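If you read the sequence shown in numbering that gives the first Met the number 0, its first letter stands for residue 0, the second for the next number, and so on. For glycine and all other residues, C-beta sits at the position ideal for the given N, C-alpha and C. As the structure is a computational prediction, the values presented were derived from the model and not from experiment. Structure, as structure tokens:
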Amino acid sequence: MAKTYVVTSGKGGVGKTTISATLGAALAAKGDKVCLIDADIGLKNLDLTLGLENRVVHTILDVVNGKVTALEALVRHKQMKNLFLLAASQIATKEMLSPDDMRRIVAELYPKFDFIIVDSPAGIERGFRNAVAAADHALVVTTPELPAITDADRVIGLLENAGMAEDDIRLIINRFKPNMVKRGDMLTKDDIQENLAIELVGIIPDSEDVIVATNTGNPITLNGNQEHMIAHVFSNIALRLKGEMISIDKDLIYGGSRGFREFFKRIFGRN
0 MAKTYVVTSG
10 KGGVGKTTIS
20 ATLGAALAAK
30 GDKVCLIDAD
40 IGLKNLDLTL
50 GLENRVVHTI
60 LDVVNGKVTA
70 LEALVRHKQM
80 KNLFLLAASQ
90 IATKEMLSPD
100 DMRRIVAELY
110 PKFDFIIVDS
120 PAGIERGFRN
130 AVAAADHALV
140 VTTPELPAIT
150 DADRVIGLLE
160 NAGMAEDDIR
170 LIINRFKPNM
180 VKRGDMLTKD
190 DIQENLAIEL
200 VGIIPDSEDV
210 IVATNTGNPI
220 TLNGNQEHMI
230 AHVFSNIALR
240 LKGEMISIDK
250 DLIYGGSRGF
260 REFFKRIFGR
270 N
């Protein structure tokens with residue numbers, strides 16, 4: 000039976016789709032059977048990120064309309080045979096999919112996979128509600144910037160209000176820049192985790208190589224650079240999701256900037 004995760008943030012542009020694809024590939028590389036669901040109806044970027052755009056025959060909308068089953072609509076990854084995608088439709092709107100539709104789709108896939116990862120669209124409206132409807136767990140993605148963190152805080156509240164337990168909501172910090180942290184120009188991981196108050200499951204350093212991998216449709220965990228630092232980070236996140244106790248890389252933990260921290264606390268109103 001699958002563990003079902005929604006990858007969300009509230010704010011666009013923080014790297015949700017890249018993280019969904021790369022984490023899915025990392026889990027598949029460890030032998031898990033993984034299904035990625037693109038819930039970003041109308042935009043559909045997950046197939047591009049995986050390099051599968053030319054192999055998509057059916058989309059999630061075809062499943063909703065009864066043309067095919069969810070299993071029939073899946074696209075198998077060309078390199079990783081235990082990694083599958085249910086693609087979104089670019090000629091549809093979020094209103095064409097409902098939370099009940101998503102629950103039915105996940106219920107069909109649930110017995111066949113170890114992990115189901117739902118890539119949520121940006122924002123907190125209909126698309127967000129669709130994406131979280133069938134998820135048992137959430138990965139909230141933020142970057143170390145105040146607008147992204149405040150949006151992440153709001154999303155955490157919405158997930159809890161929807162009935163998701165706090166222990167099932169975990170944090171990924173993306174595009175972390177250690178040099179800026181050392182200078183006191185960027186929030187530390189402790190600053191962010193303290194104020195969002197959920198478990199930190201991974202810190203992904205900023206890297207041009209991730210951009211290259213995304214643009215070529217070849218996640219960094221699959222493109223022959225498995226020894227790349229970023230590939231190791233995703234491997235560790237995958238292991239944590241599988242229940243292993245892997246500590247966050249000590250090299251990414253730095254002392255904070257007192258002034259930045261005090262400003263951050265004023266914004267959130269927390270001590």
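Margin query: What does the alpha-carbon distance come out to for the pair Met244 and Leu238?
Written below: Approximately 8 Å between the Cα atoms of the pair.
Check: Does DSSP put Thr220 in a helix, a strand or coil?
Finding: Here DSSP, grouped into helix, strand and coil, assigns Thr220 to coil.
Note to self: With a threshold of 8 Å (Cβ to nearest heavy atom), would Leu35 be considered close to the ligand ADP?
What the structure shows: Among the ligands in the structure shown, none appear at all, so the ligand ADP cannot be discussed.
Check: DSSP state of Val55, grouped into three classes?
Finding: In the three-state DSSP reduction, Val55 falls in the coil class, being neither helix nor strand.
Note to self: So, at 7 Å on beta carbons, what are the nonlocal neighbours of Ala151 in its own chain, with the 5 sequence-adjacent residues on each side left out?
What the structure shows: The residues are Ser8, Gly9, Val139, Thr141 and Leu195.
Item checked: Three-state secondary structure assigned by DSSP to Lys249 -> Bear in mind that the predicted position of Lys249 carries a pLDDT of just 36, short of 50, making it too unreliable to give a figure here.
Next item on the list: Might you give, ordered along the chain, the residues of its own chain that have their beta carbon closer than 7 Å to the beta carbon of Ala132, omitting 5 neighbours on each side?
Entry: These residues qualify, in order along the chain: Pro98, Met101 and Arg102.
Check: For the candidate residues Met95, Ile229, Ile171 and Met163, whose alpha-carbon lies nearest to that of Gly41?
Finding: Ranking Met95, Ile229, Ile171 and Met163 by CA distance to the CA of Gly41 puts Met95 first.
Notebook entry, point to check: By how many angstroms is the C-alpha of Thr149 removed from the C-alpha of Ala161?
Noted result: One C-alpha to the other measures close to 19 Å.
Next item on the list: Compare the C-alpha of Val62 against each of Asp37, Asn44 and Arg182 and name the closest.
Entry: Closest option to Val62, Cα to Cα, is Asp37.
Next item on the list: Determine, using beta-carbon pairs with one atom in the region 70-82 and one in the region 120-135, whether at least three such pairs fall under 8 Å.
Entry: With the rule of 3 Cβ pairs closer than 8 Å, the region 70-82 does not count as touching the region 120-135.
Check: Could you give the residue range of the beta strand (DSSP E) that holds Asn81?
Finding: First-last for Asn81: undefined, no H or E at that position.
Check: Taking Cβ positions, are Val200 and Gly14 nearer each other than 9 Å?
Finding: Using a Cβ distance threshold of 9 Å, Val200 and Gly14 do not count as a contacting pair.
Checklist line | When Gly30, Ile197 and Leu47 are compared against Ala212, the one with the closest alpha-carbon | finding: Comparing C-alpha distances from Ala212 to each of Gly30, Ile197 and Leu47 shows the shortest one belongs to Leu47.
Item checked: Sub-9 Å separation of Phe233 and Ala1 beta-carbons -> Taking 9 Å as the cut-off, the beta carbon of Phe233 is found no closer than this to the beta carbon of Ala1.
Next item on the list: Taking Asp150 as part of the alpha helix (DSSP H), name the residues at either end of that continuous run.
Entry: Its alpha helix (DSSP H) spans residues Leu145 to Asn160.
Checklist line | Exposure of Val56, with buried meaning 16 or more beta-carbon neighbours within 10 Å | finding: Val56 is exposed by the Cβ-count criterion.
Check: What first and last residue would you give for the alpha helix (DSSP H) that runs through His227?
Finding: Segment: none, His227 is in no alpha helix (DSSP H) and carries neither H nor E.
Next item on the list: Within the same chain, show all residues whose beta-carbon is closer than 8 Å to that of Gly216, passing over the 5 residues directly before and after it, in chain order.
Entry: When the five nearest sequence neighbours on each side are left out, the beta carbons in the same chain lying within less than 8 Å of the beta carbon of Gly216 are those of Leu47, Thr48, Leu49, Gly50, Leu51 and Glu52, in order along the chain.
Margin query: Strictly by DSSP, which residues pair up with Tyr4?
Written below: Note: Tyr4 is bridge-paired with Ile116 and His136 in the DSSP secondary-structure output.
Next item on the list: Please state if the CB of Ile155 and the CB of Ile197 are separated by a distance shorter than 9 Å.
Entry: In this structure, Ile197 places its C-beta atom within 9 Å of the C-beta atom of Ile155.
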